[in-house]
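Comments concern the structure below.
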Amino acid sequence: AMEQKRKNNGEIANSFATKKQKTKKKANFMLSALLSPLFSLLTNNNFLSKLLGKKTPLKPSIDQLDVHDRVMVCVPEEILVNILSRLPVRFLLRFKCVSKFCSTLISDPYFTMKHLNRAKNDQDSQKLLINQRCPEDSIFSLYCCPLSPVQQVKDVQKLKLDCPSTLKPRHCMIHCCYNGLAIIEIRDKDRVKFLLWNPSIRESIVLPPLECPRDGGSRFGLGYDSSSCDYKILHMHQNVPGLEYPNEILALKDGSWRSIDEHPRANRRWFYAMDYLPFVHAAFHWLEVSINFFVVFSFDISNEVYREIPLSEEILSLRSGPNNVGISALEGMLCVHSNPFFTGKATFKVWILKEYGVKESWMPLLTIVIDTPYFNASPRYRFADGEVLFWCVNLETRGHTFRTVSRPFRSWPQWVTRGHTFWMVNRPFRSWPRCDTIQGGQAFTESLISPKSLSY
Numbered sequence: 001a002m003e004q005k006r007k008n009n010g011e012i013a014n015s016f017a018t019k020k021q022k023t024k025k026k027a028n029f030m031l032s033a034l035l036s037p038l039f040s041l042l043t044n045n046n047f048l049s050k051l052l053g054k055k056t057p058l059k060p061s062i063d064q065l066d067v068h069d070r071v072m073v074c075v076p077e078e079i080l081v082n083i084l085s086r087l088p089v090r091f092l093l094r095f096k097c098v099s100k101f102c103s104t105l106i107s108d109p110y111f112t113m114k115h116l117n118r119a120k121n122d123q124d125s126q127k128l129l130i131n132q133r134c135p136e137d138s139i140f141s142l143y144c145c146p147l148s149p150v151q152q153v154k155d156v157q158k159l160k161l162d163c164p165s166t167l168k169p170r171h172c173m174i175h176c177c178y179n180g181l182a183i184i185e186i187r188d189k190d191r192v193k194f195l196l197w198n199p200s201i202r203e204s205i206v207l208p209p210l211e212c213p214r215d216g217g218s219r220f221g222l223g224y225d226s227s228s229c230d231y232k233i234l235h236m237h238q239n240v241p242g243l244e245y246p247n248e249i250l251a252l253k254d255g256s257w258r259s260i261d262e263h264p265r266a267n268r269r270w271f272y273a274m275d276y277l278p279f280v281h282a283a284f285h286w287l288e289v290s291i292n293f294f295v296v297f298s299f300d301i302s303n304e305v306y307r308e309i310p311l312s313e314e315i316l317s318l319r320s321g322p323n324n325v326g327i328s329a330l331e332g333m334l335c336v337h338s339n340p341f342f343t344g345k346a347t348f349k350v351w352i353l354k355e356y357g358v359k360e361s362w363m364p365l366l367t368i369v370i371d372t373p374y375f376n377a378s379p380r381y382r383f384a385d386g387e388v389l390f391w392c393v394n395l396e397t398r399g400h401t402f403r404t405v406s407r408p409f410r411s412w413p414q415w416v417t418r419g420h421t422f423w424m425v426n427r428p429f430r431s432w433p434r435c436d437t438i439q440g441g442q443a444f445t446e447s448l449i450s451p452k453s454l455s456y
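This is the structure in structure tokens:
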């Protein structure tokens with residue numbers, strides 16, 4: 001009897017050991033299913049070599065391991081997170097389909113933010129979201145163009161994105177971008193929708209209808225409130241006499257717009273030389289002007305307090321007017337730019353605020369001598385080599401285009417269309433020849449942030 005009992009106990013123990021071993025093998029197999037293509041990708045692209053500062057590929061590669069070794073590969077989760085956070089969004093979207101574990105890991109808010117913080121410093125993760133009107137049928141299309149010189153695409157159609165709305169885009173505007181999210185407006189005759197869209201993961205939500213109607217002069221700003229862990233959208237109108245609408249703000253967790261008080265010292269607010277409300281240092285910014293001066297106002301996203309940002313004497317020496325000066329953001333810093341056409345000067349200047357709120361830290365970034373018929377130039381992105389990408393309007397044709405500044409608006413091959421000669425962008429937009437139509441765009445960083453996860 002004792003011998004039989006020992007035998008039974010041994011069978012039970014062996015049964016538990018076998019079950020535990022099977023569970024471990026299953027977990028390792030799932031990990032292997034993720035790591036096999038991952039390691040192959042990293043090795044083939046010399047990714048780990050670059051990551052670790054080595055000049056030669058790491059060996060042995062995953063292809064040199066036998067099946068047993070692949071299955072038994074075991075990597076701590078923190079190391080796996082560190083590796084995955086360095087990969088492009090398009091690969092991570094594929095890995096989400098490997099298993100529930102992978103999907104949960106990549107969708108986790110901690111991982112999403114870790115990936116975004118790395119992507120902000122990765123040039124290959126910087127893109128330009130473009131909306132362009134086709135002159136033949138007056139329908140707008142959306143494109144995502146790489147801002148990295150090593151990501152050249154010769155076929156423009158490969159950059160085209162599906163419209164995130166069921167409406168036929170007879171009118172489309174990209175109002176602003178932040179953390180990989182974009183606010184876009186799509187109109188089809190008398191119907192209009194405002195969407196919060198992540199073009200990298202092709203996911204969007206329809207925003208609540210505005211409390212106040214949007215006119216052509218209103219602007220949007222998008223930012224993140226770290227105190228409430230919520231994304232907020234600010235919608236501001238030009239305070240033109242006879243057309244005065246209250247400004248409004250939307251917290252995505254609340255799901256409804258609410259009006260906010262006007263600044264007590266508000267002047268005339270014009271948005272002709274700026275097309276969005278730049279979000280810098282946890283605040284939205286814009287310019288207000290009067291006959292003799294102009295000032296930069298900020299609106300804190302957390303406590304909703306207005307402040308004034310001091311400007312340098314050089315900037316204040318510019319002629320005041322509704323179209324003369326614009327404001328935007330470059331590399332996470334506030335910048336002010338002059339508008340060359342309306343100032344009547346043949347130069348275009350950009351200043352950048354190195355230390356936020358300090359008047360003496362306004363530094364001239366570049367000065368361009370303008371000898372081509374462009375006006376309303378607005379900086380969009382600064383490359384690693386200091387080159388700056390601008391969006392501007394051709395004075396003769398009213399066509400919109402994107403240009404860099406090497407040899408002030410003259411470093412591109414000629415392209416003739418509709419009887420006009422244009423200079424087309426050389427790097428990184430060799431494949432973007434159209435300069436005679438309505439188009440706009442904003443630079444953004446690829447991210448995994450899901451718009452659907454931000455609203456309740």
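The sequence shown begins at 1 in UniProt numbering and counts up one residue at a time. We treat Cβ as the ideally placed atom computed from N, Cα and C, and that holds for glycine.
Along the beta strand (DSSP E) that carries residue 89, what are the first and last residues, could you check? Per DSSP, residue 89 lies in no beta strand (DSSP E); the unbroken alpha helix (DSSP H) holding it starts and ends at 89-95.
Quick one: what does DSSP say residue 177 is sitting in, helix, strand or coil? For residue 177, the secondary structure class from DSSP, reduced to helix, strand or coil, is strand.
With which residues is residue 261 paired in a DSSP beta bridge? Residue 261 pairs with nothing; no bridge assigned.
For residue 110, tell me which candidate among 81, 315 and 92 has the shortest Cα-Cα distance. The residue with the shortest Cα to Cα distance from residue 110 is 81.
Are residue 309 and residue 302 close, meaning C-beta to C-beta below 7 Å? Cβ distance not < 7 Å, so residue 309 and residue 302 don't count as in contact.
Separation of residue 281 from residue 335, as counted between CA atoms: Approximately 13 Å, taken between the alpha carbons.
Classify residue 104 as helix, strand or coil using the three-state DSSP reduction. Helix.
Measure the alpha-carbon distance for residue 168 versus residue 143 and round it to whole angstroms. Taking the straight line joining both Cα atoms gives about 16 Å.
Along the chain, where does the beta strand (DSSP E) containing residue 288 start, and where does it finish? Element bounds for residue 288: 283-289.
Where does the unbroken alpha helix (DSSP H) through residue 111 begin, and where does it stop? Run containing residue 111: 109-119, per the alpha helix (DSSP H) assignment.
When DSSP labels each residue in this structure, what does residue 331 get in the three-state scheme? Three-state DSSP puts residue 331 in coil, outside helix and strand.
For residue 221, which beta-bridge partners are listed by DSSP? Here residue 221 is bridged, per DSSP, to 234.
Just the Cα atoms here: how many angstroms apart are residue 359 and residue 313? Taking C-alpha positions only, residue 359 is separated from residue 313 by approximately 9 Å.
Buried or exposed by the 16-neighbour rule on C-beta atoms within 10 Å, applied to residue 339: The Cβ neighbour count for residue 339, taken over all protein chains shown within 10 Å, is at least 16; the residue is labelled buried.
Which two residues bound the contiguous alpha helix (DSSP H) that contains residue 80? Residue 80 -> alpha helix (DSSP H) spans 77-84.
I'd like the span of the beta strand (DSSP E) that includes residue 205, first residue to last. That run of the beta strand (DSSP E) goes 203-206.
Residue 278 and residue 328 look like a contact to me (Cβ under 8 Å); what is the Cβ gap, rounded to whole Å? Contact holds; Cβ gap of about 5 Å.
Whose C-alpha, out of 447, 92, 200 and 174, is nearest the C-alpha of residue 106? Checked all of 447, 92, 200 and 174; the closest Cα to residue 106 is 92.
Using three-state DSSP, classify residue 42 as helix, strand or coil. Here residue 42 scores only 46 on pLDDT, less than 50, and its place in the model should not be relied on; the value that follows carries that caveat. Residue 42: helix per DSSP, three-state reduction.
Residue 187 and residue 175 look like a contact to me (Cβ under 8 Å); what is the Cβ gap, rounded to whole Å? By a beta-carbon distance limit of 8 Å, residue 187 does not contact residue 175. Their separation comes to about 13 Å.
If the criterion is Cβ atoms closer than 7 Å, does the pair residue 179 and residue 447 meet it? Residue 179 places its beta carbon less than 7 Å from that of residue 447.
Proximity to residue 166 [Cα-Cα], best of 116, 449 and 193: For residue 166, the nearest C-alpha among the options comes from 193.
Going by Cα to Cα distance, which pick from 385, 355, 198 and 439 is closest to residue 333? Comparing Cα positions, the closest option is 355.
Given that a residue counts as buried once 16 or more other Cβ atoms are within 10 Å of its Cβ, and exposed if not, what is residue 112? With 16 or more other Cβ atoms within 10 Å, it is buried.
For the putative contact between residue 362 and residue 315, defined by C-beta atoms under 8 Å, what is the C-beta separation to the nearest angstrom? Correct: roughly 6 Å between the Cβ atoms.
Pull up the CB-CB distance for residue 210 and residue 257, whole angstroms please, since I reckon it's below 8 Å. Rounded, the Cβ-Cβ distance is 6 Å, consistent with contact.
Would DSSP call residue 447 helix, strand or coil? The answer is coil: DSSP assigns residue 447 none of H, G, I, E or B.
In its own chain, which residues sit with a C-beta less than 7 Å from the C-beta of residue 159, not counting the 5 before and 5 after it? Exclusion of the five residues before and after residue 159 leaves 143, 144, 145 and 153 as the residues of its chain whose Cβ lies within less than 7 Å of its Cβ.
With a threshold of 8 Å on Cβ separation, who are the neighbours of residue 488 within its own chain once the five nearest residues in sequence on each side are excluded? No information on residue 488 is available, as it lies outside the stretch 1 to 456 that the chain covers here.
In terms of alpha-carbon separation, which member of 325, 136, 377 and 222 lies closest to residue 293? Comparing Cα-Cα distances from residue 293 to each of 325, 136, 377 and 222, the minimum goes to 325.
Cβ atoms of residue 306 and residue 263: under 7 Å apart, would you say? Their beta carbons are under 7 Å apart, which means residue 263 touches residue 306 by this criterion.
Could you compute how far the alpha carbon of residue 129 sits from the alpha carbon of residue 248? Cα to Cα, residue 129 sits roughly 26 Å from residue 248.
Give me the Cβ distance between residue 259 and residue 237, rounded to the nearest whole Å; I'm assuming they're in contact under 8 Å. Between residue 259 and residue 237 a beta carbon distance of about 11 Å is seen, past the 8 Å cut, so the two are scored as non-contacting.
On the DSSP bridge list, what partners appear for residue 368? Per the DSSP secondary-structure output, residue 368 pairs in a beta bridge with 348.
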